[in-house]
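Novice: Dumping the structure here so I can ask a few things about it.
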Amino acid sequence: MAQQCLPLPRRRKRNDAGAKAEEPIPDLSTMDAMAYMASVNLEASLLPDVFVASPTTRSLGQRRAQNWDDVPIDGSAAASQYLLSNKMHITPPPTQKHLPRYSVKEGKNIRSVNGDLTKDEWISSTLSNFSSLRVYIKQCHESGIGRSSKSYNRMPVPMSKDQVGWHTFCLGWDEARGNVGGYFQDDDSDERDDESISNINDGSDDNGSKNISVQNGSTVEAIVTSKTWDISTVPTTGHKPCTTLLCQFDQIIIRRVLSHHAYYLSQDWDFTESRGRWIYALLSRLEKPLHWNETSMLRGLLRNLCQLRADMDLDERLGIQKDLVRSKTLSILNVLIVVMGVYFEQGGGADYLMDVNTKPS
C-alpha cells in the first residue's frame, strides 16, 4: 500500500469559532517542497466540509459584466503563485552569440551569420538527426543487441538508485570527485577500495545478484561474484554511451540515470561534454508518452540548461583551448535545449528558446 510522502493528517480539521478565516500566502520564492506541501495542507484544513451557494437572481449578462475584470485562478492560491513565480521561467538567450551560427532573415533579405541554414532549418535538421538516432537505437534494441548471449556479456552497472555510482560510471572517477565539497573530496585510497565493490546490476532491474541452481535435489543459492561492478575499474573519463550499452538499459534505468544527471546539475555541478553526451544518449532512449515525473524532471533540466547558456560570458577571452571548449559546450547546450524544448515539448516552442529578447515562458 502506498504511503503518503509527508506526515500530514488525513482528516480535515474543522474551523473553530476563533480560528482565522484566511491565512496569508507565504512567499514561495524561499520555500522548499516540504514547506509548500505543508502550506497547501493548512489551506485545505481551513475549508469547511460543506459549501452552500447563495441564491441569486442576476442574469448571465450581469454576472459577466461584474466579473469581467476578475482573473480566474485554478487550484489553490499557493499553487497559482508558484506557477506565476520566476521558478517556472525559462531564461532566453541574452545575445545572438549564444545561439547557433545560422542565417538570419531580415525582411526579404537574408543576413548570413557564419552559417548556411536559417533558424528553422537548423532546428529541423537537429530534430531530424535526433529522430533518426532514436529509430536506429530502437531497431538495434528490437534486434536483440544488448542482451546476454554467447558473444556478448552484459556490462555490470550500478544499481539504479545509486547516484554516486552512476555519476562515476558516466563521467569517470576524476570528474565525479572534482567538485569541492562533493561526495569524493577525500583522497584516501582505502576509502576508494571500500567503495570498489558494489551490488550487481545489468541495467534491467534492482533485484540483486542471486542465481538459483539445483544440485543433488537441493536448492542452493549461488551468489554471482565473477561480474560485479567495480568502481575502481571505471575509465578515467567514464564509460561512453555506446549503442550496445544503451540497448542494455530498460526504461527504468533510462529515467533514473537521466534524473541523476538532472539532480547534479541542479546542485551546481559543472556541465561538461561528457555529461551532455550522456544526456543526449539517454534522451534518445526515453520513450513517449512521458509520465508526469519525467515531464517535471525534463522541465527542470531544461530551465537549468537555459540558465547555464545565459550565464556564459562569450566576450571574455580564456585562451584558445578554453575558448574551443566553451564553444563546444555552448553547441551541446543548444542541441539539448531544442531536443527537450521542442521534441519533448517542454519549452513552449522554439521562439521562447532560440530567440533573443523573448519573454520568459
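Residue numbers for the sequence shown follow my numbering, so the first one is 3 and each next one is one higher. The beta-carbon is built from N, C-alpha and C at its ideal position, and this holds for glycine as well.
1) Say whether the region 162-171 touches the region 317-329, bearing in mind that this needs 3 or more beta-carbon pairs closer than 8 Å, one atom from each stretch.
2) Taking the Cβ atom as the reference point for each residue, do residue 326 and residue 340 lie within a distance shorter than 8 Å?
3) Is DSSP giving residue 120 helix, strand or coil here?
4) Hey, is the region 306-316 in contact with the region 245-252, meaning 3+ C-beta pairs nearer than 8 Å?
5) With DSSP as the reference, label residue 353 as helix, strand or coil.
6) Using a Cβ-Cβ cutoff of less than 7 Å, which residues in the same chain neighbour residue 262 once the five nearest sequence positions on both sides are dropped?
7) Using CA atoms only, rank isn't needed, just tell me which of 348, 314, 335, 323 is closest to residue 97.
8) Assuming the contact rule is C-beta atoms closer than 8 Å, residue 277 and residue 173 should be a hit. Round their C-beta distance to whole Å, please.
9) Taking just the CA atoms, how far does residue 275 sit from residue 331?
10) Cα separation between residue 238 and residue 179?
11) Just reading off the alpha helix (DSSP H) that residue 47 is part of, what are its end residues?
12) Report the option in 235, 280, 264 whose CA atom is closest to the CA atom of residue 242.
13) Roughly how many whole angstroms lie between the Cα atoms of residue 44 and residue 54?
14) Among residues of its own chain, excluding the 5 on either side of residue 301, which ones have a beta-carbon nearer than 6 Å to its beta-carbon?
15) Find the nearest neighbour of residue 118 within the set 236, 133, 130, 102, judged by alpha-carbon distance.
16) For residue 285 and residue 236, what's the separation of their Cα atoms in angstroms?
17) Measure how close the beta-carbons of residue 245 and residue 322 come, nearest whole angstrom, since I'm counting them as under 8 Å.
18) Identify whether residue 343 lies in helix, strand or coil by the three-state DSSP scheme.
19) Please work out which residues of its chain come closer than 7 Å, Cβ to Cβ, to residue 338, disregarding the five sequence neighbours upstream and downstream, and give them in chain order.
20) Looking only at C-alpha atoms, which of 155, 127, 122, 298 sits nearest to residue 247?
21) Going by alpha carbons, who is nearest to residue 382 out of 50, 351, 336, 91?
22) How close, in whole Å, do the beta carbons of residue 352 and residue 344 come, if the pair is a contact with beta carbons under 8 Å?
23) Rounded C-beta distance between residue 160 and residue 231? I'm assuming under 8 Å.
24) Return the first residue and the last residue of the alpha helix (DSSP H) that residue 296 is part of.
25) What are the start and end residues of the alpha helix (DSSP H) that includes residue 178?
26) Run through DSSP, which three-state label would residue 159 get?
27) What do you reckon, are the CB atoms on residue 258 and residue 162 nearer than 8 Å?
28) Check for me: the alpha helix (DSSP H) holding residue 287 runs from which residue to which?
29) Flag this pair as yes or no: are the beta carbons of residue 342 and residue 304 separated by less than 8 Å?
30) Among 264, 150, 56, whose alpha-carbon lies nearest the alpha-carbon of residue 297?
Specialist: With the structure as the only source:
1) A contact is defined here as three or more CB-CB pairs under 8 Å, and the region 162-171 fails this definition with respect to the region 317-329.
2) With respect to the 8 Å criterion, residue 326 and residue 340 are not classified as neighbours on the basis of their beta carbons.
3) Under the three-state reduction of DSSP output, residue 120 falls in the strand class.
4) Contact fails: fewer than three Cβ-Cβ distances are below 8 Å.
5) Secondary structure of residue 353 (DSSP, three-state): helix.
6) Within the same chain, residue 262 has close Cβ partners 165, 168, 169.
7) Nearest C-alpha to residue 97: 314.
8) Yes, they are in contact, since the Cβ atoms of residue 277 and residue 173 sit about 6 Å apart, within 8 Å.
9) Roughly 6 Å between the two C-alpha positions.
10) Approximately 11 Å, taken between the alpha carbons.
11) First-last of the alpha helix (DSSP H) with residue 47: 35-47.
12) For the residues 235, 280, 264, the minimum Cα distance to residue 242 belongs to 280.
13) Put simply, the backbone Cα of residue 44 is about 22 Å away from that of residue 54.
14) The answer, listed in chain order, is 348.
15) Comparing Cα-Cα distances from residue 118 to each of 236, 133, 130, 102, the minimum goes to 102.
16) Their backbone Cα atoms lie some 23 Å apart in a straight line.
17) Rounded, the Cβ-Cβ distance is 34 Å, inconsistent with contact.
18) Residue state, collapsed to three classes: helix.
19) So the list reads 278, 281, 282, 307, once near-sequence residues are dropped.
20) Nearest C-alpha to residue 247: 155.
21) There is simply no residue 382 to check, as the chain begins at 3 and stops at 363 in what is shown.
22) Correct: roughly 5 Å between the Cβ atoms.
23) Taking a contact as a CB-CB distance under 8 Å, the pair residue 160 and residue 231 counts as one, their CB atoms being some 6 Å apart.
24) Run containing residue 296: 294-312, per the alpha helix (DSSP H) assignment.
25) Segment 175-178, the alpha helix (DSSP H) holding residue 178.
26) In the structure shown, residue 159 sits in coil (DSSP, three-state: anything other than H, G, I, E or B).
27) A contact, by the Cβ cut-off of 8 Å.
28) Note, residue 287: alpha helix (DSSP H), 275-287.
29) One thing to note: residue 342 has its Cβ within 8 Å of the Cβ of residue 304.
30) Out of 264, 150, 56, 264 has the C-alpha closest to the C-alpha of residue 297.
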